[in-house]
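Read the structure below first, then the notes.
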Amino acid sequence: MPPKSAKSGTKQPASSQKRNWKDHKATPKQPLPVPERLKRLFTSLCAQIDGGHFSNAVKTCDKILRLDPKDTDARQTKLFLLLQTEQYNAALSLIDEDEDPSHYAYEKAYTLYRLQRESDARDVVETIKKEKGEDDRGIVHLEAQLNYREGSYQAAVDLYNELLDTAEPNTEEHSDILTNLQAAQQHLDFINTGFLRALDALPSSITSTLETAPPPVPPQSAATAAALSAATATEAHTQPAKAPKKPRKSRVPPGVIPGVTPPPDPERWVKKSERSTFGQGRKRKGQGGAGGGATQGSAVDSTPVQQPHQQGSTSHAKSGGGGKGKKRK
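Here is the structure:
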């Protein structure tokens, strides 16, 4: 048969196809524009807040602020999330970094109140009342809480009664006001009449000692306690403990290691016959065979052991031995 003619449309080998695929470079993906990225980040932020994932939502706010540092919505949302997660120091830092911190005056006062800085929070509240008046319900709530914490229970009761008169019934605010009003009223009643009734119920022996006893020492504040602890710590650092003196090498005998070698016998200068340990551990004469199998501390029988008569006894005599035995016939 004649050979088949090669077709003109033959395929190229696979190696050449792979080479051409390697030579082909993909075009780099263009980054999304900033408005599109912000739109996607805000969509993720809304979903995270709705789902209660506040820690991830704070990270998303940070991404938005890196793209647009002047975005007020992202900044306000981050401040709300920090307050919700009780990160009050971070919230206060965010307020101070703002160009106009007066926009977040109420949030700053609330943050200072939660950080137990009542005097600073009181100053901010007074500034807000001068600027906006005394009709702001949020400021009235915060002022009532400051009065309650500072022990001004009558002022707190008055403010809570004012809020209760203007609150809508069957709301969360109404129930919160009732709870706070009840707590403040209980403290006020105890101060006015409760402690007197408690004193009247005590026996006369206790009340007489209470009247003659000196007044109690006022409790130290946290700042004073911290200052005292810091002072004691500095004194402890400035006055190091004295290390025990090591013995001189010239006074240590050769071959003795201090703290390791046992101390010498205190009776080494006394005669052996006069030492307290003389005669201990020795065996008396005549007891070598009788107490051979006794253990330490066992009593030895002092009765003499009766020896069997040697003549005629064959149990202890051996053939060829030195004992007297019967002659063999």
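In numbering that gives the first Met the number 0, the protein residues as written are 0 to 328. Note that CB positions come from ideal geometry on N, CA and C, so glycine has one too.
When Cβ pairs closer than 8 angstroms are counted between the two stretches, the stretch 113-130 is seen not to touch the stretch 151-170, the count staying below three. Here Gln115 carries a coil assignment [DSSP, helix/strand/coil]. For Asn191, the three-state secondary structure derived from DSSP is helix. If you look at Gln47, you'll find it in the alpha helix (DSSP H) that goes Val33 to Gly50. Counting the other CB atoms within 10 Å of its CB gives Thr192 a total below 16, which places it among the exposed residues. By the Cβ test, the stretch 199-208 is not in contact with the stretch 163-182, since fewer than three Cβ pairs between them sit closer than 8 angstroms. Rounded to whole angstroms, the gap between the alpha carbons of Glu133 and Leu114 is 24 angstroms. Sequence-distant partners of Leu78 (beyond 5 residues in either direction) whose C-beta falls short of 8 angstroms from its own C-beta, in its chain, are Ala90, Leu93, Ile94, Tyr103 and Glu106.
Unbroken alpha helix (DSSP H) runs of no fewer than 4 residues, entirely contained in the stretch 75-122, are found at 87-96 and 104-113, following chain order. Look at Leu201 here: in three-state DSSP terms it is coil, with no helix or strand label. Excluding the 5 residues flanking it on each side, Leu187 has same chain C-beta neighbours closer than 8 angstroms at Tyr152, Gln153 and Val156, in chain order.
Ile190 counts as exposed, since fewer than 16 other beta carbons sit within 10 angstroms of its beta carbon. Residue burial annotation: Leu31 is exposed, with fewer than 16 other C-beta atoms found within 10 angstroms of its C-beta.
The same chain holds no residue with a CB closer than 6 angstroms to that of Gln144 once the five nearest residues on each side in sequence are set aside. Contact annotation: Leu198 and Leu209 have beta-carbon atoms nearer than 9 angstroms.
Taking C-beta separations shorter than 7 angstroms and ignoring five residues to either side along the sequence, the partners of Val33 in its chain run Leu66, following chain order. Glu125 carries a helical assignment under DSSP once its states are collapsed to helix, strand and coil. Taking C-beta atoms as the reference points, Ala46 and Leu80 fail to come closer than 9 angstroms. Ranked by how close their Cα comes to the Cα of Gly150, the residues Gln29, Arg267 and Gln184 have Gln184 in first place. Pro252 and Val259 have their C-alpha atoms spaced approximately 13 angstroms apart. Taking C-beta atoms as the reference points, Leu64 and Arg74 count as a pair closer than 9 angstroms.
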